[in-house]
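The following block contains the structure:
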């Protein structure tokens with residue numbers, strides 16, 4: 016390491032602030048516009064500007080010593096979230112579980128963040144006491160050592176890493192937009208029937224090409240599930256899909272080295288729906304052919320700890336990167352549309368994750384300590400069946416959105432791997448920012 020680097024402590028970098036929670040019993044402390052950061056808000060973002068709860072000016076004034084400016088580096092120092100680091104994207108207040116550094120202008124906040132983001136294990140080890148609730152107090156936090164290069168190099172290193180994180184964040188926001196568009200279109204066409212209502216009011220359906228608008232009727236008809244567009248069928252769900260429960264696997268078949276087949280499981284679906292890559296397991300034990308699935312298949316969760324219906328009954332499409340074959344566990348169903356059905360995986364995944372349909376499906380679940388979704392939930396419900404040509408048009412739009420989401424996620428994983436490879440080399444001085452820039456894609 017070059018001799019220009021300097022060994023300091025976190026306390027040398029600026030003012031250390033331990034957060035505080037305003038009195039919740041005082042009316043008017045919460046519900047304003049000032050972000051109130053807690054460890055649960057540290058969800059992987061580099062910068063936090065929005066939080067689950069906000070303070071009013073009165074609430075912030077009651078803990079004015081805990082208010083920190085934009086650019087401060089926050090670190091969780093209590094409990095299971097200890098060691099998480101994040102940058103304040105706005106002036107904010109933190110709770111007492113967080114120590115913050117209001118970094119002086121002599122140092123780069125971004126560089127300090129990247130340094131601390133790699134030190135979670137060290138911070139946990141430094142925590143005082145051997146209790147189940149480890150704590151790193153303000154004094155011990157201030158004495159943590161940090162090695163920094165000259166300010167210009169700090170900024171250059173942070174710029175290289177920040178460029179990668181900026182692209183990852185851009186992909187995340189793009190994916191959120193694409194997923195929201197598919198959900199909104201499904202809701203408008205197949206739940207709220209907006210184009211039909213527009214025609215009924217003698218208005219042209221908003222934003223639809225004439226050929227697409229022509230696929231919607233101009234009035235409704237009665238059905239067993241309420242008014243539906245005239246001419247559209249209402250049928251039992253099992254007339255359109257087949258559902259199979261996955262493998263009841265043995266623990267000794269699991270492989271942590273990535274060998275064996277990808278095994279999609281309960282942790283492969285996010286609460287609310289969508290595929291969760293970090294939940295994938297690998298399995299090299301015995302299975303049957305009926306436990307195989309393919310990329311593009313839809314999976315639906317059938318188990319949940321508790322009864323909040325946050326996960327059970329939600330769906331995801333198996334990404335292309337897990338081909339050609341994988342298996343699925345007994346905690347999920349593999350759902351496929353029948354050849355005679357107009358439905359597609361991209362239509363069905365929006366159906367299952369639609370709030371109204373999910374409410375209906377999850378109502379079939381039962382259990383005592385573990386909530387289970389029986390096969391009846393995928394057979395008995397009645398649903399409206401739109402014309403095949405309309406389903407085809409929607410599926411093409413939704414599939415394009417889903418494929419773009421997967422491409423963006425794959426790019427983000429590649430960028431994150433590059434960032435995590437460069438990070439220790441840059442922070443140690445082994446690699447200069449100028450050399451690292453050559454390894455970062457344009």
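Numbering (the working numbering), first residue to last: 16 to 457. Ideal Cβ positions, reconstructed from N, Cα and C, are used throughout, including at glycine.
Rounded to whole angstroms, residue 51 and residue 81 show a C-alpha spacing of 10 Å. Contact check for residue 90 against residue 113 passes: the beta carbons are separated by less than 8 Å. The criterion of a C-beta distance shorter than 8 Å is satisfied by residue 298 and residue 269.
Per DSSP, residue 52 is one residue of the beta strand (DSSP E) stretching across 45-52. Between residue 44 and residue 71, the beta carbon gap of about 6 Å places them in contact (Cβ cut-off 8 Å). In the three-state reduction of the DSSP assignment, residue 196 falls in the helix class, which pools H, G and I.
Within the DSSP bridge table, the entry for residue 313 names 332 and 350 as partners. If you draw a 10 Å sphere on the C-beta of residue 435, you find fewer than 16 other C-beta atoms in it, and that means exposed.
Collapsing the DSSP output to three states places residue 435 in a helix. Checking the DSSP bridge columns, you'll see residue 455 has no partner listed. Just so you know, the alpha carbons of residue 405 and residue 449 end up roughly 54 Å apart. DSSP, reduced to helix, strand and coil, places residue 296 within a strand of the structure shown. If you look at residue 141, you'll find it in the alpha helix (DSSP H) that goes 135-141. Using a Cβ distance threshold of 8 Å, residue 156 and residue 25 count as a contacting pair. Going by beta carbons, residue 35 and residue 101 fall outside the 8 Å limit.
By the Cβ test, the region 251-264 is in contact with the region 392-402, since at least three Cβ pairs between them sit closer than 8 Å.
Pairing residue 223 with residue 187, the inter-Cα distance amounts to about 28 Å. Going by C-alpha positions, residue 317 is about 18 Å away from residue 360. The criterion of a C-beta distance shorter than 8 Å is satisfied by residue 178 and residue 455. Counting along the chain, the unbroken beta strand (DSSP E) around residue 256 starts and ends at 256-260.
The Cβ atoms of residue 272 and residue 305 do not sit closer than 8 Å to each other.
Contact annotation, residue 173 with residue 129: C-beta distance approximately 6 Å; criterion of less than 8 Å satisfied. Using a 10 angstroms sphere on the CB of residue 41, the tally of other CB atoms stays under 16, which defines it as exposed. The straight-line gap separating the alpha-carbon atoms of residue 228 and residue 240 is approximately 24 Å.
Annotation for residue 277: no alpha helix (DSSP H) segment contains it, though the beta strand (DSSP E) segment containing it runs 276-279. With contacts defined as CB atoms closer than 8 Å, residue 245 and residue 234 qualify as a contacting pair. Going by DSSP, residue 124 is part of the alpha helix (DSSP H) stretching over 124-132. Beta-bridge analysis with DSSP links residue 95 to no other residue.
Rounded to the nearest whole angstrom, the CA to CA distance from residue 373 to residue 236 is 24 Å. Bridge partners of residue 248 according to DSSP: 400.
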